[in-house]
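Protein chains in written order, with the numbering used here: chain A, 1 to 336; chain B, 337 to 672. Structure first, commentary second.
There are 2 protein chains.
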Amino acid sequence: MSTQALQQDTAPQTPLDTLSGLLKDDMLQVNTQIIDNMQSEVPLIPQLAGYLIASGGKRIRPLLTLACTRIYGTDSPRPHALAAAVEFIHTATLLHDDVVDESKQRRGKDAANLVFGNQASVLVGDFLFSRAFQLMVADGSLDVLRILSDASAIIAQGEVKQLTTANNLATTMEDYIEVISAKTAALFAAACEIGPIIAGQDDQAAAMRDYGMYLGIAFQIADDVLDYSANREKLGKTVGDDFREGKMTAPILFALENANDEERAFWQRTVGERRQTETDLAQAQDILNRHDANGKALALARSYSDKAVAALSSHRESPLLSCLTDLARFTVDRSY
Amino acid sequence: MSTQALQQDTAPQTPLDTLSGLLKDDMLQVNTQIIDNMQSEVPLIPQLAGYLIASGGKRIRPLLTLACTRIYGTDSPRPHALAAAVEFIHTATLLHDDVVDESKQRRGKDAANLVFGNQASVLVGDFLFSRAFQLMVADGSLDVLRILSDASAIIAQGEVKQLTTANNLATTMEDYIEVISAKTAALFAAACEIGPIIAGQDDQAAAMRDYGMYLGIAFQIADDVLDYSANREKLGKTVGDDFREGKMTAPILFALENANDEERAFWQRTVGERRQTETDLAQAQDILNRHDANGKALALARSYSDKAVAALSSHRESPLLSCLTDLARFTVDRSY
Numbered sequence: 001m002s003t004q005a006l007q008q009d010t011a012p013q014t015p016l017d018t019l020s021g022l023l024k025d026d027m028l029q030v031n032t033q034i035i036d037n038m039q040s041e042v043p044l045i046p047q048l049a050g051y052l053i054a055s056g057g058k059r060i061r062p063l064l065t066l067a068c069t070r071i072y073g074t075d076s077p078r079p080h081a082l083a084a085a086v087e088f089i090h091t092a093t094l095l096h097d098d099v100v101d102e103s104k105q106r107r108g109k110d111a112a113n114l115v116f117g118n119q120a121s122v123l124v125g126d127f128l129f130s131r132a133f134q135l136m137v138a139d140g141s142l143d144v145l146r147i148l149s150d151a152s153a154i155i156a157q158g159e160v161k162q163l164t165t166a167n168n169l170a171t172t173m174e175d176y177i178e179v180i181s182a183k184t185a186a187l188f189a190a191a192c193e194i195g196p197i198i199a200g201q202d203d204q205a206a207a208m209r210d211y212g213m214y215l216g217i218a219f220q221i222a223d224d225v226l227d228y229s230a231n232r233e234k235l236g237k238t239v240g241d242d243f244r245e246g247k248m249t250a251p252i253l254f255a256l257e258n259a260n261d262e263e264r265a266f267w268q269r270t271v272g273e274r275r276q277t278e279t280d281l282a283q284a285q286d287i288l289n290r291h292d293a294n295g296k297a298l299a300l301a302r303s304y305s306d307k308a309v310a311a312l313s314s315h316r317e318s319p320l321l322s323c324l325t326d327l328a329r330f331t332v333d334r335s336y
Numbered sequence: 337m338s339t340q341a342l343q344q345d346t347a348p349q350t351p352l353d354t355l356s357g358l359l360k361d362d363m364l365q366v367n368t369q370i371i372d373n374m375q376s377e378v379p380l381i382p383q384l385a386g387y388l389i390a391s392g393g394k395r396i397r398p399l400l401t402l403a404c405t406r407i408y409g410t411d412s413p414r415p416h417a418l419a420a421a422v423e424f425i426h427t428a429t430l431l432h433d434d435v436v437d438e439s440k441q442r443r444g445k446d447a448a449n450l451v452f453g454n455q456a457s458v459l460v461g462d463f464l465f466s467r468a469f470q471l472m473v474a475d476g477s478l479d480v481l482r483i484l485s486d487a488s489a490i491i492a493q494g495e496v497k498q499l500t501t502a503n504n505l506a507t508t509m510e511d512y513i514e515v516i517s518a519k520t521a522a523l524f525a526a527a528c529e530i531g532p533i534i535a536g537q538d539d540q541a542a543a544m545r546d547y548g549m550y551l552g553i554a555f556q557i558a559d560d561v562l563d564y565s566a567n568r569e570k571l572g573k574t575v576g577d578d579f580r581e582g583k584m585t586a587p588i589l590f591a592l593e594n595a596n597d598e599e600r601a602f603w604q605r606t607v608g609e610r611r612q613t614e615t616d617l618a619q620a621q622d623i624l625n626r627h628d629a630n631g632k633a634l635a636l637a638r639s640y641s642d643k644a645v646a647a648l649s650s651h652r653e654s655p656l657l658s659c660l661t662d663l664a665r666f667t668v669d670r671s672y
């Protein structure tokens, strides 16, 4: 067996790779839309936007819009610009999040706020957000505009609610699910819902919206588990960011359910009051292991990915349907 | 003569007061829309938005939308929600600007970023921006959506360009006019342009757009003069903010035109490199006076307010038309 074949064996194709393969020609068009529409006569805008957008990212949201359109057999070019609009909304929230979280790293590189400054990150985020709406207006569907403006308002509300739950040990699992439904899953849901709308299959919009919502919740729970996992560094991300910021995510919430007094005092000091020493992250990971908190969080994520799969039950078998189903499962499994 | 009458004499009615009086019932509806639509189940959102919105502000942009609709005689309720959308876009940009500029004061109170933090200011700005688009979608006019999404993209570009011209003594008057046309005048123009669109007088949209654009440019130049004027403190604003931030505004640009070597070195140190001592603002004001820089800037502002008045020449005489004309003149005179 050649070395190349061996490498392929050790890095098996993910459902996201399969989806990208099926939608390759469409994604080329989406990337053209993204590049063309982040241009501006003010050079700093394409520089900063390009820094983040060219640094990769999985393009999962535009892929969802494409898949949820093409699954109905239409060959309309409309999803290209609208998938770019979805990616711009996502990129704008990343830029603003990194300012809000004082992030150091994003996609394995220095975060844009460190390279270009907070000011430019806020304003280029505003530009991309506006540009997303310009793309939607050019498309002309008020339904799409409604779905994505509703999602944008919900995302912002979720982010603000996350600010108010951070460092608060009284945060409930319900609060947490509400925050991630808003800050993450709302855009997944919208990215999926506009697919059937573009394809003229409005009666499927609710099912696709549900799929995206549950997928997004599963995705974010798994991401929050990854934040405590050494695997995360392989993805070009820092381990322990949520811990250092005192975010109340699923692993901590499960660990708190059966915490003894000493553990509760530990979480109160480190997460509640953000007084942390160098060894605290390792100790946090020990406590999470003691309570199988990551395992419980992944089981919760799996319950949402099951719901995502179930939401697609009325759809006929097709390669894209298989991809969407596999993607829901993979979104949890990737964190092992 | 009673004390009250005397006070009225000493504080004469401005064109903005007259406009508010003529549009009093409409403005009550706009304020209701503003209050209702800044509500959220996340309490921090109405708290922060309310802090800024309730602290006054002149509501000049929603008044423009109302005036530019009612001038055509229509009694449609549509401008209420759309004027609120315009004010939300403005409020969102204020919140983001204050984070970007590290502002200390806004409308005579501590700036929202100081009271609620940068994080909440960025995210509540995003919320209000999204809510503005939700209001436009509910109204259903793609023309209005196009005008305001275009304006939003232009505003963000202007703000980014301003970042790149700040502290740069090579900035030209052309650069400056381009920045203020985008960051300030684009929203004035859009606020005015949607009036005839709402009223079904699409053929008047270009004239109203021009009026708003020229008014906005005149307004911003006068505002930049005010930043060096002691009168500014009466308006609840800090004197010298632009100077401290090294913004290249009209007064400095006029002073630089005929600057001697010593003056140029002064501007290079204080504005170019932002190395300032306590007495520098007073010296900057002296140099501006020496070159009549504020007077020249106000003359430039007046040339734009003349263009604003001229843009209305095809409109019939009416109390609202007189108000719009007077407002264009007042926007420059207020800085004396």
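Cβ coordinates follow ideal geometry from the N, Cα and C atoms, glycine included.
Once the 5 residues before and after residue i are set aside, which same chain residues still bring their CB inside 6 angstroms of it?
i        : result
A:ASP224 : THR249 and ALA250
B:ARG638 : VAL668
A:ARG269 : ARG275
B:GLY576 : LEU617
A:ILE45  : VAL124 and PHE127
B:GLN349 : none
Identify the residues that DSSP records as bridge partners of residue i: which are they?
i        : result
A:ASP110 : A:GLN105
Using the beta-carbon of each residue, which ones in chain A are nearer than 9 angstroms to residue i?
i        : result
B:GLY476 : LEU142
B:LEU380 : VAL160, LYS161, LEU163 and THR164
Span of the alpha helix (DSSP H) holding residue i?
i        : result
B:GLU514 : 509–516
A:GLU159 : 142–165
B:ALA629 : 629–647
A:LEU324 : 319–333
A:ALA255 : 250–257
A:HIS90  : 78–100
B:GLY393 : No alpha helix (DSSP H) contains B:GLY393, which DSSP labels as neither H nor E.
B:ASN373 : 360–373
A:GLU404 : For chain A, the structure presents residues 1 to 336; residue 404 of chain A sits outside this window and is missing.
B:ILE407 : Here B:ILE407 belongs to no alpha helix (DSSP H), and DSSP marks it neither H nor E.
B:GLU529 : 522–534
A:LYS229 : Before going further, note that residue 229 of chain A is Ser rather than Lys in the sequence given. No alpha helix (DSSP H) holds A:SER229; DSSP gives it neither H nor E.
A:ASP242 : 241–245
List the residues of chain A whose Cβ lies closer than 7 angstroms to the Cβ of residue i, in chain order.
i        : result
B:GLU495 : LEU123
Could you confirm whether any beta carbon from chain D is found closer than 9 angstroms to the beta carbon of residue i?
i       : result
A:GLU41 : Protein chains A and B are contained in the structure displayed, whereas chain D is not.
In chain A, what lies closer than 8 angstroms to residue i by C-beta?
i        : result
B:VAL436 : ASN118, GLN119, VAL122 and LEU123
B:HIS432 : VAL122, LEU123 and ASP126
Please list the partners that residue i has in chain B, where partner means a Cβ-to-Cβ separation under 7 angstroms.
i        : result
A:VAL137 : LEU478, LEU481, ARG482 and SER485
A:ALA156 : LEU459, ASP462, PHE463 and SER466
A:ALA153 : PHE463, SER466, ARG467 and GLN470
Report the neighbours of residue i on chain B: residues whose CB is nearer than 8 angstroms to its CB, in chain order.
i       : result
A:ILE35 : Those within 8 angstroms of A:ILE35 in chain B number zero; the least Cβ separation is about 17 angstroms.
Can you find the residues in the same chain that come closer than 7 angstroms, C-beta to C-beta, to residue i, ignoring five residues on each side of it along the sequence?
i        : result
B:THR429 : ILE491
A:ALA83  : VAL30, PRO62, THR65 and LEU66
B:CYS659 : PRO351, THR354, LEU355, LEU358 and ALA403
B:PHE590 : HIS627, ALA629, LYS632 and ALA633
Whose C-beta lies closer than 8 angstroms to the C-beta of residue i among residues of the same chain, with five residues either side of it excluded?
i        : result
A:ALA185 : GLY212, MET213, TYR214, LEU215, GLY216, ILE217, PHE219 and GLN220
A:ASP326 : PRO15 and THR18
A:SER318 : ILE71
A:SER40  : PRO46 and PHE127
Report yes or no: do the segment 527–537 of chain B and the segment 394–405 of chain B share at least 3 C-beta pairs separated by less than 8 angstroms? When C-beta atoms of the segment 527–537 of chain B are compared with those of the segment 394–405 of chain B, three or more pairs fall below 8 angstroms, so the two segments count as touching.
Stretch pair the segment 108–121 of chain A + the segment 68–76 of chain A: three plus CB contacts closer than 8 angstroms: No: fewer than three Cβ pairs fall under 8 angstroms.
Cβ contact check for the segment 438–453 of chain B and the segment 136–144 of chain A: 3 or more pairs under 8 angstroms: With a cut-off of 8 angstroms on Cβ pairs, the segment 438–453 of chain B is not in contact with the segment 136–144 of chain A, counting fewer than three such pairs.
Is the segment 204–222 of chain A touching the segment 288–300 of chain A, taking contact as three or more C-beta pairs under 8 angstroms? The segment 288–300 of chain A and the segment 204–222 of chain A touch, with three or more beta-carbon pairs separated by less than 8 angstroms.
The segment 512–520 of chain B in contact with the segment 484–500 of chain B per 3-pair CB rule at 8 angstroms: Output reads yes: the segment 484–500 of chain B touches the segment 512–520 of chain B.
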